[in-house]
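Peer 1: Under the working numbering, the first residue of the sequence shown carries the number 21, and numbering increases by one thereafter. In this text, a Cβ means the ideal position worked out from N, Cα and C, and glycines have one as well.
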Amino acid sequence: MISFILSVVVSIASFGAVSNNESVNNAEAINRAIEHCAEQGGGRVVVPCGEYSTGSVYLKSGVTLFLEQGAVLKGVQDINAYASLQTTLDLSRYESGQGTVNYNSATDSQWSKAMVFAVGVSDAGIEGKGCIDGADVRNPLGEEHMRGPHTILMAGCKRMTFDGFSVKRSANYAFLGYQIEKSQFHNLYIEGGWDGIHIRGAKRVEISRCEMHTGDDAIAGGYWERMSINHNVLNSSCNGIRMIMPSVQLDITDNEIYGPGKFEHITSHHTRSGAAINLEPGGWGKAPGRMDKIRILRNKVACVLTPLCVTLSDDNTMGSLLVEDMQARGVTRMALSVKSWGKAPTDCVVMRRCDMEFDGIDDPNLPAWFENRPTDQWPVFPVWGMYFRNVKNVDVKDVKLTVRGKEYREAWTVDNVEKHNLDRVQVSKDCAH
Numbered sequence: 021m022i023s024f025i026l027s028v029v030v031s032i033a034s035f036g037a038v039s040n041n042e043s044v045n046n047a048e049a050i051n052r053a054i055e056h057c058a059e060q061g062g063g064r065v066v067v068p069c070g071e072y073s074t075g076s077v078y079l080k081s082g083v084t085l086f087l088e089q090g091a092v093l094k095g096v097q098d099i100n101a102y103a104s105l106q107t108t109l110d111l112s113r114y115e116s117g118q119g120t121v122n123y124n125s126a127t128d129s130q131w132s133k134a135m136v137f138a139v140g141v142s143d144a145g146i147e148g149k150g151c152i153d154g155a156d157v158r159n160p161l162g163e164e165h166m167r168g169p170h171t172i173l174m175a176g177c178k179r180m181t182f183d184g185f186s187v188k189r190s191a192n193y194a195f196l197g198y199q200i201e202k203s204q205f206h207n208l209y210i211e212g213g214w215d216g217i218h219i220r221g222a223k224r225v226e227i228s229r230c231e232m233h234t235g236d237d238a239i240a241g242g243y244w245e246r247m248s249i250n251h252n253v254l255n256s257s258c259n260g261i262r263m264i265m266p267s268v269q270l271d272i273t274d275n276e277i278y279g280p281g282k283f284e285h286i287t288s289h290h291t292r293s294g295a296a297i298n299l300e301p302g303g304w305g306k307a308p309g310r311m312d313k314i315r316i317l318r319n320k321v322a323c324v325l326t327p328l329c330v331t332l333s334d335d336n337t338m339g340s341l342l343v344e345d346m347q348a349r350g351v352t353r354m355a356l357s358v359k360s361w362g363k364a365p366t367d368c369v370v371m372r373r374c375d376m377e378f379d380g381i382d383d384p385n386l387p388a389w390f391e392n393r394p395t396d397q398w399p400v401f402p403v404w405g406m407y408f409r410n411v412k413n414v415d416v417k418d419v420k421l422t423v424r425g426k427e428y429r430e431a432w433t434v435d436n437v438e439k440h441n442l443d444r445v446q447v448s449k450d451c452a453h
């Protein structure tokens with residue numbers, strides 16, 4: 021909860037907001053209520069029960085937007101009712117997808133449109149049991165020639181709290197954050213749209229006890245420091261967690277991550293899930309830097325492409341990665357992997373007490389297919405369970421690997437690994453399935 025004492029409570033209805041009338045854009049009334057509350061030193065702006073159509077609104081420091089049970093802020097269909105991000109921050113290091121239809125830049129007036137803005141805001145947020153409905157507003161000038169406004173966009177914010185409400189039908193990301201510090205995302209329910217919570221630049225941020233059913237990545241972004249992702253339920257038609265820029269002191273603990281997606285991937289229309297956890301700095305453009313102190317603890321994974329995929333680019337290095345007590349069932353295609361395809365090194369990978377079950381590939385010719393085949397042609401790995409490459413030390417104990425159905429590849433392998441201990445890996449085959 022927000023730490024300061026709420027001094028003012030006002031309703032958006034008192035400033036002229038009209039419910040249950042889609043022809044009315046309530047943005048002006050909502051912004052007047054927020055501005056009034058901020059001028060009085062902060063407090064709570066209440067959205068009463070009912071549906072309120074709106075374009076862009078702006079959070080202010082010290083103000084909590086409170087969504088009552090049954091309250092809905094719904095985006096208007098007019099794309100011109102949504103403003104673009106205005107900030108003096110240099111956010112160029114967070115750009116990605118250069119040269120593609122997925123190019124993301126905070127300076128792009130189409131990409132940076134949003135329904136709710138918080139720019140340079142502190143000690144503020146959104147709470148309550150209501151809903152923000154992005155209304156799936158499409159923009160032919162947006163990313164992929166169709167993505168519309170983000171539902172909530174933050175830049176340069178501190179001590180933000182988002183708690184209890186739901187977000188649905190986001191026209192792009194449900195949450196997009198740049199340079200967020202000491203902030204909390206708790207007890208949120210997100211469904212549909214593209215990414216759920218996507219943060220580029222985070223310090224001391226926690227995402228906890230949220231439930232997400234997203235078309236794209238549930239949680240994504242990067243350049244995180246002391247980030248905690250814990251006790252969430254993540255269901256995606258892409259990746260559960262996808263880090264595209266290197267992070268340090270990242271804890272991913274006690275989450276349930278599963279597929280297939282409840283909502284389809286809007287671009288490709290499939291519902292199959294990718295990686296439960298995908299750590300790939302440089303996956304969407306240059307993202308130099310070091311990863312370190314990554315802890316992945318007590319996560320349950322089901323019906324995904326792979327439980328964990330770590331891939332370093334040439335301008336990355338990684339210190340330590342710890343994976344403990346991971347349970348994975350119904351892994352559909354790919355081994356757990358920690359690797360780089362160039363020479364980027366990882367210092368140490370430690371795994372303890374993991375139990376992972378993979379679906380086999382019934383192809384007796386598959387092992388021979390990999391001989392002298394370049395890695396950029398691999399559709400899967402030459403092993404079905406665990407693959408480590410360019411790691412100085414791999415220490416694996418009390419790990420059980422099970423394959424269901426016929427499988428002709430080995431369970432695990434190491435490539436350019438200086439020291440490894442995999443003596444206590446239990447491998448079994450369940451040919452009854």
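Out of Thr-422, Pro-160 and Ser-142, state which residue places its alpha-carbon closest to the alpha-carbon of Gly-61.
Peer 2: The shortest C-alpha separation from Gly-61 is found at Ser-142.
Peer 1: My output table needs one value for Met-21: the three-state DSSP class, helix, strand or coil.
Peer 2: Unreliable positioning characterises Met-21 in this predicted model, as indicated by a pLDDT of 47, which lies under 50. A coordinate reading is not provided.
Peer 1: Using 8 Å for Cβ pairs, my map puts Ser-81 next to Ala-134. What's the rounded Cβ distance?
Peer 2: Ser-81 to Ala-134, Cβ: 18 Å. No contact.
Peer 1: Using DSSP bridges, identify the partner residues of Ile-316.
Peer 2: Ile-272 and Val-343
Peer 1: Whole angstroms are fine: how far does the CA of Arg-262 sit from the CA of Leu-299?
Peer 2: 6 Å
Peer 1: So is Pro-266 buried or exposed if we call it buried at 16+ other beta carbons inside 10 Å?
Peer 2: buried
Peer 1: Taking 8 Å as the threshold (C-beta atoms), are Ile-249 and Ile-219 in contact?
Peer 2: no
Peer 1: Tell me, to the nearest whole angstrom, how far the beta carbon of Lys-412 is from that of Thr-352; I am working on the premise that it is less than 8 Å.
Peer 2: Going by Cβ atoms, the distance from Lys-412 to Thr-352 rounds to 31 Å, so no, they are not a contact pair.
Peer 1: With a threshold of 8 Å, are at least 3 pairs of Cβ atoms found where one atom belongs to the segment 324-343 and the other to the segment 379-386?
Peer 2: Not touching, per the Cβ criterion.
Peer 1: Note down, in chain order, each residue of its chain lying with its Cβ closer than 8 Å to the Cβ of Arg-310, except the 5 sequence neighbours on either side.
Peer 2: Pro-266, Val-268, Asn-336, Thr-337, Met-338 and Gly-339
Peer 1: How should Asp-153 be labelled, buried or exposed, when 16 other C-beta atoms within 10 angstroms of its C-beta is the threshold for buried?
Peer 2: Counting every other CB atom within 10 Å of its CB across the protein chains shown gives Asp-153 a total of 16 or more, marking it as buried.
Peer 1: How long is the line joining the alpha carbons of Asp-435 and Met-406, rounded to whole angstroms?
Peer 2: 11 Å
Peer 1: Just verifying my parser: in three-state terms, what is the DSSP assignment at Ser-34?
Peer 2: helix
Peer 1: Relative to the C-alpha of Val-447, which candidate in Ser-125, Ile-264, Leu-421 and Gly-221 has its C-alpha closest?
Peer 2: Leu-421
Peer 1: Go through its chain and collect everything with a Cβ distance to Gly-184's Cβ below 7 Å, but skip five positions before and after it.
Peer 2: Glu-147, Gly-148, Lys-149 and Asn-207
Peer 1: Going by alpha carbons, who is nearest to Cys-368 out of Asp-215, Leu-341, Glu-391 and Gly-90?
Peer 2: Leu-341
Peer 1: On a CA-only basis, which of Trp-398, Ser-293 and Asn-410 is nearest Lys-363? Give me that one, please.
Peer 2: Asn-410
Peer 1: According to the Cβ coordinates, are Gln-204 and Thr-181 closer than 8 Å?
Peer 2: Yes, Cβ-Cβ distance for Gln-204 and Thr-181 is below 8 Å.
Peer 1: Which same chain residues end up closer than 7 Å to Thr-433 when comparing Cβ atoms and leaving out the 5 residues on each side of it in sequence?
Peer 2: Pro-402, Val-403 and Tyr-407
Peer 1: When DSSP labels each residue in this structure, what does Pro-327 get in the three-state scheme?
Peer 2: strand
Peer 1: Which whole runs of the beta strand (DSSP E) in the segment 400-425 are 3 residues long or more, in chain order?
Peer 2: 403-409 and 411-424
Peer 1: To which residues of the same chain is His-170 closer than 6 Å at the C-beta, ignoring the five residues directly before and after it?
Peer 2: Ala-134, Asn-192, Tyr-193 and Leu-196
Peer 1: In the structure shown, what three-state DSSP assignment does Ser-27 receive?
Peer 2: coil
Peer 1: Helix, strand or coil for His-440 per DSSP?
Peer 2: strand
Peer 1: Output the distance between the C-alpha atoms of Ser-186 and Val-66, rounded to the nearest integer angstrom.
Peer 2: 16 Å
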